[in-house]
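Notes to accompany the following structure.
Protein chains: 2
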Amino acid sequence: MKTIEIGKKLVELCNQGKSEQAMETLYSPDIVSVEAASMPNMPAEMKGIQAIRGKAKWWNDNHTVHSSKAEGPFPMGDRFIVKFHFDITNKQSNKRTQMDEAALYTVKNDKIVREEFFYVTE
Amino acid sequence: MKTIEIGKKLVELCNQGKSEQAMETLYSPDIVSVEAASMPNMPAEMKGIQAIRGKAKWWNDNHTVHSSKAEGPFPMGDRFIVKFHFDITNKQSNKRTQMDEAALYTVKNDKIVREEFFYVTE
Numbered sequence: 000m001k002t003i004e005i006g007k008k009l010v011e012l013c014n015q016g017k018s019e020q021a022m023e024t025l026y027s028p029d030i031v032s033v034e035a036a037s038m039p040n041m042p043a044e045m046k047g048i049q050a051i052r053g054k055a056k057w058w059n060d061n062h063t064v065h066s067s068k069a070e071g072p073f074p075m076g077d078r079f080i081v082k083f084h085f086d087i088t089n090k091q092s093n094k095r096t097q098m099d100e101a102a103l104y105t106v107k108n109d110k111i112v113r114e115e116f117f118y119v120t121e
Numbered sequence: 000m001k002t003i004e005i006g007k008k009l010v011e012l013c014n015q016g017k018s019e020q021a022m023e024t025l026y027s028p029d030i031v032s033v034e035a036a037s038m039p040n041m042p043a044e045m046k047g048i049q050a051i052r053g054k055a056k057w058w059n060d061n062h063t064v065h066s067s068k069a070e071g072p073f074p075m076g077d078r079f080i081v082k083f084h085f086d087i088t089n090k091q092s093n094k095r096t097q098m099d100e101a102a103l104y105t106v107k108n109d110k111i112v113r114e115e116f117f118y119v120t121e
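Protein chains in written order, with numbering that gives the first Met the number 0: chain Z, 0 to 121; chain U, 0 to 121.
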């Protein structure tokens, strides 16, 4: 599958609320996931599909997602960028936030091997 | 200057139509510029501020920009992403196009040393 096709599939699944299906079908078992900031009890960089499943579970357990939108993909060679918009409420603080971020994905052997999430941290 | 401050300045200047001022004030003399595709008489990767000035001149000579919008910056470490929207007319073909792309910038010693433009090429 070409990089752009993997990117299109990822955007399509995310916009259908199927980000877990995207993870299970498009990600390498050796996926490396990098956040702009570390989170409570979670390092900024994590490796392996099991760890990334854990991060997704933490996200879903701790946030109510009112809406989300993925824009792209914007491809170059074996990489592509997707822009995300989220409207979420943190279940612990009950604070509702609109946030935008950009993700840079790297593809190898038809699978996503690296995802990097860019956003304002302060 | 922090990476995010350089990114904010770049977005601000681009949204004021001052992309050349951004280039002259924020870019390293050794800037490397990479496009998703090569253009007529222009390689995908170019190096040095003189070459990048030449690319900007080519762009301005060959396109009428009706509007442009920069969104971001989305920072991580020494890099940041900006999403661009352009409404342009190619002066030769007279074809008007709306295009979206994402750019990944790398900062070193308070200057942008690398810019990479991600977009659909076919």
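Cβ coordinates follow ideal geometry from the N, Cα and C atoms, glycine included. Predicted model only: the values in this text are computed from it and were never measured.
> To the nearest angstrom, how far is it from the Cα of Thr63/Z to the Cα of Thr120/Z?
Replying inline: So the alpha carbons of these two residues sit roughly 20 Å apart.
> Interface residues of chain U around Pro28/Z at Cβ under 9 Å?
Replying inline: Result: empty, since nearest Cβ-Cβ is about 24 Å, beyond 9 Å.
>> Here's a check: name, in chain order, each residue in its chain whose Cβ is nearer than 7 Å to the Cβ of Ser37/Z, leaving out the five neighbours to either side.
In response: Ala43
> Quick one: which chain Z residues come within Cβ less than 8 Å of Leu9/U?
Replying inline: Neighbours of Leu9/U on chain Z: none; closest Cβ ~14 Å, over 8 Å.
>> If contact is defined by three or more beta carbon pairs under 8 Å, each pair taking one atom from either stretch, is the segment 74 to 90 of chain Z in contact with the segment 25 to 40 of chain Z?
In response: no
>> Using a Cβ-Cβ cutoff of 9 Å, what residues of the segment 61 to 91 of chain U are near chain Z? List them in chain order.
In response: Glu70, Gly71, Pro72, Phe73, Pro74, Met75, Gly76, Arg78, Phe79, Ile80, Val81, Lys82
>> Let's see if you can read the secondary structure: which residues bound the beta strand (DSSP E) around Ser18/Z?
In response: Here Ser18/Z belongs to no beta strand (DSSP E); instead the alpha helix (DSSP H) covers 18 to 25.
>> Below 7 Å on C-beta distance, what does Tyr118/U contact in chain Z?
In response: Under the 7 Å cutoff, chain Z gives Phe73.
>> Threshold first: 3 residues or longer. Then list the beta strand (DSSP E) segments lying entirely within the segment 49 to 109 of chain Z, N to C.
In response: 62 to 75, 78 to 89, 95 to 107
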